[in-house]
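Worksheet: one structure, shown below.
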Amino acid sequence: MKYKMNIAGLDRELPLCKVTDDLYIGAFVIFGDAKLTVACAKELLKRAPEYDYLITAEAKGIPLIHEMARQNGDDFYVLARKAPKLYMSDIFEVTVNSITTAKEQELFLDGNDAEKMKGKKILIVDDVISTGESLNAIEKLVEKAGGIVVGRMAILAEGDAQSREDLIYLEKLPLFNPDGTVKE
């Protein structure tokens, strides 16, 4: 089963994936879709508030903020990692539960990145926001670092995220029944 939608002017078909016996989601994967990444970055930048740095969580938001930074002429963006790396120091961490992750996971921020964020305007970017758990975790990292969250953006908003007034997004992604029909 697939769900057809137009995103940033491009038609795409999203495979429907089972989350629970009565809930399916449209799988939006930006990896490898260069044309869509460029188009989404362009459309999000048109709506973005003024910021100093972009931040996203590993991994699906990486191509998006890279392209947003490239198009905007930014020299640097921040990545919240799923695991600490040897090059990281003075690490900050938070725990997150995401609808697309089967278990609790942690996000880590390099202390050097945190230092750059202190007192700066930070724009949180993700590919899809559903429950908002990943978004909240990134926001906690930004606040721990002393950054100021100036906006929350995503390509798609799913479920309850569609009614959030603090979220800027391009398109609504519905939730689905097991037969592929849209949940009401």
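Position one of the sequence shown corresponds to residue 2 (the working numbering), numbered consecutively onward.
Ideal Cβ placement from N, Cα and C applies to all residues, glycine included.
The model shown is predicted, which means the values in this text are computed figures rather than measured ones.
For S164 and P175, what's the separation of their Cα atoms in angstroms?
Here residue 164 refers to the residue found at position 163 when the sequence shown is read from its first residue. Here residue 175 refers to the residue found at position 174 when the sequence shown is read from its first residue. Cα to Cα, the separation comes out at about 12 Å.
From D114 to K19, what does the alpha carbon distance come to, in whole angstroms?
Working through the sequence shown from its first residue, we reach residue 114 at position 113. Working through the sequence shown from its first residue, we reach residue 19 at position 18. Each residue's Cα considered, the two are about 36 Å apart.
Among residues of its own chain, excluding the 5 on either side of A58, which ones have a beta-carbon nearer than 6 Å to its beta-carbon?
What you label residue 58 is simply residue 57 of the sequence shown in a count that begins at 1. Only A81, L108, S135 and I139 meet the Cβ criterion.
Taking the CB atoms as reference points, tell me whether G62 and D167 lie closer together than 8 Å.
Locating residue 62 in the sequence shown gives position 61, counting from the first residue. Locating residue 167 in the sequence shown gives position 166, counting from the first residue. No.
State the CB to CB distance for the pair M69 and V126, rounded to an integer number of angstroms; the pair is presumed to be in contact (CB under 8 Å).
On the sequence shown, position 68 is the one that residue 69 refers to. On the sequence shown, position 125 is the one that residue 126 refers to. The Cβ separation is near 7 Å, so the contact holds.
In whole angstroms, give me the CA-to-CA distance for A155 and L17.
Start at 1 with the first residue of the sequence shown, and residue 155 comes out as number 154. Start at 1 with the first residue of the sequence shown, and residue 17 comes out as number 16. Distance from the CA atom of A155 to the CA atom of L17, rounded to whole angstroms, is 19 Å.
Per DSSP, cross-strand counterpart(s) of C18
Here residue 18 corresponds to residue number 17 of the sequence shown, with the count starting at 1. According to DSSP, residue pairing for C18 in a beta bridge involves I26.
Residue ranges of each beta strand (DSSP E) within the segment 147-174, 3 or longer:
Listed in chain order, the complete beta strand (DSSP E) runs (minimum 3 residues) inside the segment 147-174 are 149-159 and 168-174.
Check for me: the alpha helix (DSSP H) holding A70 runs from which residue to which?
Here residue 70 refers to the residue found at position 69 of the sequence shown. Element bounds for A70: I63 to N73.
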